[in-house]
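Have a look at the structure below before the remarks.
This is the structure we're talking about:
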């Protein structure tokens, strides 16, 4: 905004200076003609009185310079109210001084503009530095596991079941849809881990930890999904994770599962601890999907209908 205002002011000054210069030149020509005519008339009166010649010489020697002392509005007005002989020179001086004031601002004005620009630059630099520092403080990590006997398409069927996390991630006993439509970006799932079971089998288990996770994007062609933790009891602030199934180029019967994350530092956790948890989790997911595929293959060999997705894991 400051740059746009400066450019607009500069253009206005250029246009105004051009207009003032043309006005000065036109008035100079008019003044020269007027002075020439006046000189002829005064020459005719020279024989009658010599006072006019002396007064005219005195007025010429007292003409103001192009840079008069600081003047008020009354002084500028008095220049226009001078006698006819000096009016041309005075008006020319007034126009030139006005043009000079426009094209050469007062140093104090430039200092204020410079100070404002410097303060804006410092504020922008501070904001950029803070953003860079936040990015440097971010926790990042990734873990992967190999599924040697599961094709990428079969593994993706399990991962794409967004609200079936409890079936393939060890330690998660509850996963249910909390908002939206399952499998579509914007839906939210509620996941929870329960306290160990007590002596009574029918005793209801309490929730040990929970989280609400929103599906940000899902790409079935690339076998990739991303989600974010929007609320939790584990102290997570900003947390974004991705799960991707990568086909094995050398062996079509196998694939790799990659689980990556980026988050703010979590109180009570360490980055290495979070990476270790992620590593153990992705290996547990791979093991359960591999076991589910074995059950599916056995059912198909026996002539039964093959189970799909989370149902195969539940059967395993």
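Numbering (mature numbering (1 follows the signal peptide of the UniProt record, and there is no 0)), first residue to last: -26 to -1, 1 to 290. Ideal Cβ placement from N, Cα and C applies to all residues, glycine included.
In chain order, what residues of the same chain lie with their CB nearer than 6 angstroms to the CB of residue i, ignoring the 5 residues before and after it?
i	result
residue 291	A question about residue 291 goes unanswered here, because the residues of the chain that appear run from -26 up to 290.
residue 205	186
residue 43	A caution first: residue 43 carries a pLDDT of 48, below 50, which makes its placement in the model too unreliable to give a value.
Do residue i and residue j have their C-beta atoms within less than 7 angstroms of each other?
i	j	result
residue 219	residue 130	yes
residue 133	residue 217	yes
residue 164	residue 150	yes
residue 231	residue 138	no
I'd like the list of long-range same chain contacts for residue i, defined as Cβ closer than 7 angstroms, with 5 residues on each side in sequence excluded.
i	result
residue 252	115, 117, 233 and 235
residue 48	With a pLDDT of 43 at residue 48, under the threshold of 50, the modelled position of that residue is not reliable, and the figure given next carries that caveat. Excluding positions up to five away in sequence, the list is empty.
residue 197	126, 130, 218 and 219
residue 242	209
residue 51	With a pLDDT of 44 at residue 51, under the threshold of 50, the modelled position of that residue is not reliable, and no figure is offered here.
residue 152	162, 163, 164 and 186
residue 111	239
residue 271	none
What's the C-alpha gap between residue i and residue j?
i	j	result
residue 166	residue 156	17 angstroms
residue 100	residue 265	53 angstroms
residue 102	residue 239	20 angstroms
residue 192	residue 86	53 angstroms
residue 221	residue 267	16 angstroms
residue 296	residue 211	Here the chain covers residues -26 to 290 and nothing more, so residue 296 does not appear.
residue 162	residue 136	9 angstroms
residue 113	residue 154	29 angstroms
residue 96	residue 215	35 angstroms
residue 245	residue 183	19 angstroms
residue 247	residue 88	50 angstroms
residue 223	residue 276	30 angstroms
residue 305	residue 158	Outside the displayed range of the chain (-26 to 290) lies residue 305, so it cannot be described from this structure.
Please name the residue, chosen from the options, that lies closest to residue i on a Cα-to-Cα basis.
i	options	result
residue 262	152, 93 and 141	141
residue 254	138, 111, 274 and 143	143
residue 256	90, 146, 95 and 164	146
residue 160	201, 243 and 178	201
residue 180	190, 188, 189 and 169	169
residue 189	199, 246 and 248	199
residue 128	247, 194, 88 and 111	194
Using a Cβ-Cβ distance under 7 angstroms, would residue i count as near chain C?
i	result
residue 275	The structure shown contains no chain C, having only a single protein chain.
Ordered along the chain, which non-local residues of its own chain (more than five positions away) have a Cβ less than 8 angstroms from that of residue i?
i	result
residue 249	115 and 117
Are there three or more Cβ pairs, one per stretch, closer than 8 angstroms when the stretch 112 to 125 is compared with the stretch 226 to 241?
Contact holds: three or more Cβ-Cβ distances are below 8 angstroms.
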